[in-house]
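Protein chains in written order, with UniProt numbering: chain A, 1 to 492; chain B, 1 to 242. Take a look at the structure set out below.
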Amino acid sequence: MLALRGPHRGTTSSWSTYAGKLAEGTYILVLMIWCGIGDGSPLSLEDCDGCVSRLATGILRRPRSPPKAFAPTSPVAAISPFRTAPPRRKSVNGKKWKEIRNNALVSHLTPFISDGGIVGSLYSSPSGFSSVLNGSSFSLPEGHPPFATQSPRVGVSLHPANPSCTGTIQPITTNFSRQSTEVAWCPDAVDNILDYTDNNTCVGNQMPSNSAMVSDDLSKQNEWWTDIIDEDWKEILNETTAIESQPKVVYSTTQSTPNISVHEPPIHHSIPSNSGEICTVISSSSAATTAAKPRMRWTPELHECFVDAVNQLGGGEKATPKGVLKLMKVEGLTIYHVKSHLQKYRTARYRPDSSEEIFDKKITLKEEIPSLDLKMSFDLTEALRLQMEVQKQLHEQLEIQRNLQLRIEEQGRYLQMMLEKQCKPSIPVATTVEGPLTTASDLMQSTDKVDVPENSHDSANTKEGSKQVGNKEKMPDAELSDRKESDAIGHC
Amino acid sequence: MKFGKRLKRQIEESLPEWRDKFLCYKDLKKLVKLISATQPSSKAEAEFICLLNSEIDKFNAFFVDQEEEFIIRQMELQEWIKRRVAATSAAAEYARIGTEMVNLHGEMVLLVNYSSVNYTGLAKILKKYDKRTGGLLRLPFIEKVLEQPFFTTDLISKLVKECESTMDSMFPAAAAAATAAREEAVMVVEQRVFRNAVAALVTMRELRRGSSTYGHFSLPPLSSPDADLLQSLQLPSPIPIL
C-alpha cells in the first residue's frame, strides 16, 4: 500500500504490450468505458491508468477536481495535500465519482478478478502488473473477447440497445472458473513453503525475544516509512501540479457523454441503490454539482484557517457560512462543507459548559470515597492518570498492529508477485532467496517509484535485514524469515 | 472465541453512538455461506461485494466525520488551555481541562481502534470468501482497503500524540500511586470511554493469541508490557451504559 509510484512512463508501453496480447481495440475500449469516455476520444493509456487507479481507490471522493483525480499519480499522493495544505479544488461531482467508484469496485472486482487477481494489483502497482503480465500464463487466452460484452456491467452502456446484457454474466464466470484452476497450484506451493518453515521453527523459547524484536523492528520501520513517505509526497505533489492540462480532456469528455443508457444488468436490481444511481448521476453532469454532498476530509491546518475566518467575522455565533467561505478562499470548499463544520464548531464550543455538570457529579462521587486524594491543583486525579495509561497503551498497540498489518499485506503482495513470476516457464522455481531483506525495496522498484529515496531504502532495509537475519538462528530460507517470525510467535 | 463473538462484545462495550457503525460481520458471513461453491458468480456474490463496498463507505463516512470533530475539539481544548494558563485560573478549572483532555484522547484512540477492528473483520471475511469461492478477491480488495480514509489513521495518531505531549507538559507525572489508590481510581474513573478502551485492549490481546486458521496473514500475539495492568482492570459485569 505504501509503495509509491511516480509517473507511469514505463507503464504506457507495458500496457500496450498487454493490450497487444488481447484484441487491442476491445481492451482500450474497455478502459475508455471505464473512464466514462464513450466517444473514443484520443486518450493516452497513461490517463486511463491513472483514471482507473483513481476510480478503484476511492480517492475520487476527496475534493479534488476530477482533472486532478485523473492525474496518473499515486493514490497516496491524495493524502499529503490534505495534510500539508488546504485542498485546492474539489470534485465538482463528488457524488458522481463516489458512485462510479462504487460501481467500478463492484464491476472491477468481478471481471478483473477473473484474471486471477493480477489485474487487481493493477490498481496499486501498474508497472508491477505489466511486468507480471508479460509472458505470464495468467493473461487471458488469445482471441477471447471478454471485455466488450462486459461493458454494460459497468453500468455505463455505450450501446443503449445491448441485448446481451443478461448474457454478460456468463463470460465472466468462464474466466473465473478457468482462472481458479490455473491459479490452483500456486497457493499450494506457498503452503508447502510455509509448512517447511513451520517445521523448522523452534517456537516457545523464541517468543518473548521475537516479539520484542518485532516491536523494535517495527518502530524502526515505521520511522523509515514515514521518512520515505514525507519525501515522496512532496515529489508527487510537484508532479501533480505539473500534470494539469492533460486530465482536463478526460473530465470534459466524461461530462459530454450524452444519454448514458439506463440499461442495467438484472443483477444490479438486487443490489442496494449505490450502483443504481450511477446512471442518473452521470447523465445529469453539471446539474449534480450543487445537489452533490461530497465528503471532505478536514485537517488541522484547514481548521485553523476556518477559525481565523470565523474570528474575523466576530465569532462562532455571528459568522455565517457564506462569509466564512468567502474569507477562507479555499478552492474546492463548498458552502455545505463550511455549514456543517460551523455547526460542529458551535457544538464543540458549548461543550465545556455542559461538561461542568459532569464534572460536578464526579466531584461528589469522589467526596464519598474519603481515602482518595482530592488534591487537584495542577494535578490529575489518579483515575484520570489510570485512564490515560490504558489509553496510551491501547494506542501504542494499535500502531504496532497497524504496521504489522501493512507489512504483512506487503509480504503477501510480494509473494504473489514472485509466484507469478515463477509461473513463467523460463524462470526456475527456486530463484528467490532475497527475501524480506529486500522485499520492500523490490516492491518499490518494481512499482515505478520515484528515484530519489531509493538509496535510503536500501540502506534502511539492509539495516533491518541484518537485524532480522541475526534473529533467525537457523533459517536457511531467508525469503520467509519474516513469515517464520510471525509463525513462530503464533504457534504456541 | 470466534471473531464474530468478540466483535459483538466490543460493540457492546463501545460508545453508544458508534454501535451501528461497526462492520456487519454476521451479515457478511451469511452471504458467504449463501455463495455456492459450484455455481460461480451468483447473485449472492454480487450482493456480498456490494455489501462490502457499502460497509466501507459507512466506515469512511463515520471516520472522517469523527476525525473532523476531534480536530475541532482538540483545537478548542488548546485554546482553552492557552486562555487559562494566561489567566492563572483555579485548580478546579485545570482539573476540568484535564478531564476533557483525557476523554478526548480516549475517544481518539477508540477511533483508531474502530478502524483496526473493522479492518480485521474485513480481512477475515475476505479470507472466508476466498476460501469459499476459491477466488482471489482478498488481495486486491485489501489493497484498496488500505488506502481508504478510514484506514489512514495517521492524522488521528498525530493528534493523539499531541494530546499526550500537552498532557505531559501540563500535568507532569506524579509519584507512583499506591495500589489502594489505584483500585479506588478504577471505580471512579469515567466509565464510557475507559471501559471501551479496556475492552479494546483485552479483545486485541485475545484476538492475537493465535487461532486455528493461523496463516501467513495472521498477526503475532500482543507484546503487551503491562499485562498486570490489564489484569487489575478486569472490570465486573458492565454497568449499563447510558
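Glycine included, every Cβ here is placed at the ideal spot set by N, Cα and C.
Hey, would you say residue i sits closer than 8 Å to residue j, going by beta carbons?
| i | j | result |
| --- | --- | --- |
| A:Leu327 | A:Leu342 | no |
| B:Val193 | B:Leu110 | yes |
| B:Phe70 | B:Leu159 | yes |
| B:Glu68 | A:Lys322 | no |
| B:Ile35 | B:Arg138 | no |
| B:Met108 | A:Pro300 | no |
| A:Val310 | A:Gly316 | yes |
| B:Gly106 | B:Ala197 | yes |
| B:Phe171 | B:Phe59 | no |
| B:Thr152 | B:Arg6 | no |
| A:Leu398 | B:Ser42 | no |
| B:Gly135 | B:Tyr25 | no |
| B:Arg195 | B:Glu47 | no |
| B:Val32 | B:Ile125 | yes |
| B:Tyr119 | A:Gln405 | yes |
Quick one, which of the options has its alpha-carbon nearest residue i's?
| i | options | result |
| --- | --- | --- |
| A:Ile408 | B:Ala86, B:Ile142, B:Val85, B:Leu51 | B:Ile142 |
| B:Glu79 | B:Glu68, B:Met101, B:Asn60 | B:Met101 |
| A:Gly332 | A:Arg295, A:Gln405, A:Leu386, A:Met417 | A:Arg295 |
| A:Leu386 | B:Thr99, B:Phe150, B:Asn113, B:Arg9 | B:Thr99 |
| A:Leu384 | B:Lys144, B:Leu219, B:Ile97 | B:Ile97 |
| residue 495 of chain A | A:Thr320, A:Arg413, A:Glu396, A:His337 | With chain A covering only 1 through 492, there is no way to say anything about residue 495 of chain A. |
| A:Glu410 | B:Arg205, B:Ser165, B:Thr166, B:Pro140 | B:Pro140 |
| B:Asp154 | A:Arg402, A:Arg346, A:Thr334, A:Arg349 | A:Arg402 |
| A:Cys305 | A:Lys318, A:Thr320, A:Val330, A:Ala319 | A:Val330 |
| A:Ala348 | A:Tyr414, A:Leu302, A:Glu382, A:Val307 | A:Val307 |
| B:Ile49 | B:Arg9, B:Asp27, B:Ala61 | B:Asp27 |
| B:Ala91 | A:Met418, A:Thr381, A:Leu419, A:Leu415 | A:Thr381 |
| A:Glu396 | B:Asn113, B:Ala86, B:Ser169, B:Lys144 | B:Asn113 |
| B:Ser54 | B:Asp168, B:Lys161, B:Val145 | B:Val145 |
| B:Ala61 | B:Thr166, B:Ala199, B:Asp20 | B:Asp20 |
| B:Ser169 | B:Ala123, B:Val85, B:Lys30 | B:Val85 |
| B:Ile81 | B:Lys29, B:Lys161, B:Thr166 | B:Thr166 |
| B:Gln66 | B:Glu17, B:Ala87, B:Lys127, B:Lys29 | B:Glu17 |
For the putative contact between residue i and residue j, defined by C-beta atoms under 8 Å, what is the C-beta separation to the nearest angstrom?
| i | j | result |
| --- | --- | --- |
| B:Ile56 | B:Gln148 | 6 Å |
| B:Phe22 | B:Ile11 | 5 Å |
| B:Arg208 | B:Leu219 | 5 Å |
| B:Leu104 | B:Leu77 | 6 Å |
Please indicate yes or no: does the CB of residue i lie closer than 7 Å to some heavy atom of the ligand COA?
| i | result |
| --- | --- |
| B:Met101 | Of the ligands one can find in the structure shown there are none, so the ligand COA has no counterpart to examine. |
Can you find a CB in chain D that lies within less than 8 Å of the CB of residue i?
| i | result |
| --- | --- |
| B:Val85 | Chain labels in this structure do not include chain D; the protein chains are A and B. |
Next item on the list: Would you list, in chain order, the members of the UniProt domain "HTH myb-type" (290-350) of chain A that have their beta-carbon closer than 8 Å to a beta-carbon of chain B?
Entry: Arg295, Met296, Arg297, Trp298, Thr299, Pro300, His303, Glu304, Val307, His341, Lys344, Tyr345, Ala348, Arg349
Next item on the list: Could you tell me whether the segment 389-396 of chain A touches the segment 117-134 of chain B, where touching means 3 or more Cβ pairs closer than 8 Å?
Entry: Result no; under three Cβ-Cβ pairs closer than 8 Å.
Item checked: Proximal residues, the segment 383-403 of chain A versus chain B, C-beta separation under 8 Å -> For the segment 383-403 of chain A, the residues whose beta carbon sits under 8 Å from a beta carbon of chain B are, in order, Ala383, Leu384, Arg385, Leu386, Gln387, Met388, Glu389, Val390, Gln391, Lys392, Gln393, Leu394, His395, Gln397, Leu398, Glu399, Ile400, Gln401, Arg402.
Checklist line | Residues within the segment 402-417 of chain A neighbouring chain B, beta-carbon criterion of under 9 Å | finding: Answer set for the segment 402-417 of chain A: Arg402, Leu404, Gln405, Leu406, Ile408, Glu409, Gln411, Gly412, Arg413, Leu415, Gln416.
Note to self: Closer than 8 Å between beta carbons: that is the criterion. Which residues of the segment 64-81 of chain B meet it against chain A?
What the structure shows: So the close ones are Val64, Glu67, Glu68, Glu69, Ile71, Ile72, Arg73, Gln74, Met75, Glu76, Trp80.
Check: In chain order, what residues of the segment 94-116 of chain B put their CB closer than 7 Å to some CB of chain A?
Finding: Tyr94, Ala95, Arg96, Gly98, Thr99, Glu100, Val102, His105, Gly106, Val109, Val112, Asn113, Ser116
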